[in-house]
Amino acid sequence: MNQKNKPLKICLTTVSLSGGGAERCAASLSHYFVNQGFEVHHVVFAGEIKYDYSGELLHLETLKDKNNSIFSRFKRFFALKKYFKKQQFDIIIDFRVKEFYLQEFIIHNFIYKKFIQTIHSNFIEHYIPKNKFLAKHLYKKVSDIVAVSSEIEKSIQDNYSFKNLTQIYNPIDFSSIEKLQNEPTNLDFKYVLGVGRMEDNVKQFDHLIESYSNSNLPIQNIKLVILGEGKLKQKWQDFAKSLKQEDNIVFLGNVQNPYSYYSQALFTAMTSKYEGFPMVLLESLACETPVISYDLHSGPSEIIFQDGNGILVENQNKVAMTDALNEMVSNKELYLHCKQNAKSSVERFSLESIGNHWLQIFNELE
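With the numbering used here as the guide, the letters of the sequence shown map in order to residues -12 to 353.
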């Protein structure tokens, strides 16, 4: 695509601009694209706007009535159609999961011209139907599919026949993180950190709470701080209480600046069921804080160097997670080695480096 004649006009579509790695990726890329002189628009289908972003915004949630009536759905659809017709975007990058086939079929085929689809989870069915016939027709206008990890790319290759498939990691905006990570928190105790949404059990905070409870950390006065909100929060609080850890496990909900909490944590632990390319690990390491994670099918093994910037734990093994928590605290030499390497280990995911990969895709588009 010729970028010399006029600035590219780019649309980034997301479910929200808060609470998720795909959404944070879109927000970060918007800064980079605007700095490149491109015109950037965000189309946000629902949810909240909490991440800092650059460009224009269409927030369809503002057109939704209390009951999400048929009238308001049609209103949002025609507002979306009118917006795309008026703007005539050069490039559309879609970061959304595809929960409702018919809805997405209509958007893909009657609103989008050509578009790029990003896949942010190893649970590919959230984005691409298992049925290859349905997948083919849903994505017949796709110009590129971008997987955020090598394992996701491989899974798509093994199961589908898409010709245009690329792998690009999620970016880290180091400049933004460096400005925010030294802000003070109100915590005056040692702690390890868990971060993630609580709307579903993908993050498996019950695994983290149980592993922490069985570790030596509570008796060493090292607390567990958990950032995040959702309908399961009360369940996890009750679970912590059932283990007599209510004084040691602190639920802070959503915070405006998570980076200061990463920066002051001893380390960050992740016990998810599955991931794509988890921003929690990237952001913690960018704040010079080591990480521990289950060795999931996609993501952590492409970020963590075993005993170099953190510890990879056998997938879904809560006993091994407890052992890793103990090891990171008791083995001072290992801990300091991981902390020293943390930031440099993820410099390859800088916004400038990842943004350049996106520019290469744009140059290849007709």
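C-beta atoms are modelled at their ideal positions from N, C-alpha and C, and glycine is treated no differently.
Exercise for the section: Please list the segments of the alpha helix (DSSP H) lying wholly inside the segment 200 to 239, counting only runs of 4 or more residues, in order along the chain. Expected result: 220 to 229
Practice task
List the DSSP bridge partners of residue 80.
Solution key: -1 and 103
Practice task
Grab me the residues of residue 15's own chain with a C-beta within less than 7 Å of its C-beta, minus the 5 sequence neighbours each way, in chain order.
Solution key: 158, 160 and 338
Problem - Sequence-distant residues of its chain with Cβ nearer than 7 Å to residue 302 (five each side left out) - result: 281, 282 and 283
Exercise for the section: Using only alpha-carbon positions, find the residue among 164, 136, 166 and 163 that is nearest to residue 152. Expected result: 136
Exercise for the section: Can you check DSSP and say which residues form a bridge with residue 314? Expected result: None; residue 314 has no bridge partner.
Handout entry: Beta-carbon proximity check, residue 358 vs residue 257, cutoff 8 Å
Key = Since the first residue of the chain shown is -12 and the last is 353, residue 358 is not available in this structure.
Problem - Alpha carbon of residue 120 to alpha carbon of residue 215, nearest angstrom - result: 38 Å
Practice task
Report yes or no: do the segment 71 to 90 and the segment 105 to 117 share at least 3 C-beta pairs separated by less than 8 Å?
Solution key: yes
Problem - Which listed residue (198, 172 and 261) has its alpha carbon closest to that of residue 190 - result: 261
Exercise for the section: Would you check if the distance between the CB atom of residue 46 and the CB atom of residue 27 is smaller than 8 Å? Expected result: no
Practice task
In the DSSP assignment, find the unbroken alpha helix (DSSP H) run with residue 298 in it and report its ends.
Solution key: Unbroken run through residue 298 is the beta strand (DSSP E), 297 to 300; no alpha helix (DSSP H).
Exercise for the section: Indicate whether residue 177 and residue 253 have their beta-carbon atoms separated by less than 8 Å. Expected result: yes
Handout entry: Selected residue, minimal CA-CA separation from residue 183, among 240, -3, 346 and 87
Key = 240
Problem - Straight-line Cα distance separating residue 195 from residue 179 - result: 11 Å
Practice task
Inspect the beta-carbon positions of residue 97 and residue -4 and report whether they are closer than 8 Å.
Solution key: no
Exercise for the section: Would you kindly work out how many angstroms separate the C-alpha atoms of residue 314 and residue 347, rounded to a whole number? Expected result: 42 Å
Practice task
Tell whether a beta-carbon distance below 8 Å holds between residue 164 and residue 149.
Solution key: no
Problem - Alpha-carbon to alpha-carbon, residue 1 and residue 33 - result: 8 Å
Problem - Spatially closest choice to residue 345 from 54, 104 and 60, by CA coordinates - result: 104
Exercise for the section: Kindly confirm or deny that the segment 36 to 44 and the segment 1 to 11 touch, where touching means at least three C-beta pairs closer than 8 Å. Expected result: yes
Practice task
Kindly list the residues whose CB is nearer than 7 Å to the CB of residue 266, restricted to its own chain and excluding five residues on each side of it in sequence; keep chain order.
Solution key: 8, 11 and 157
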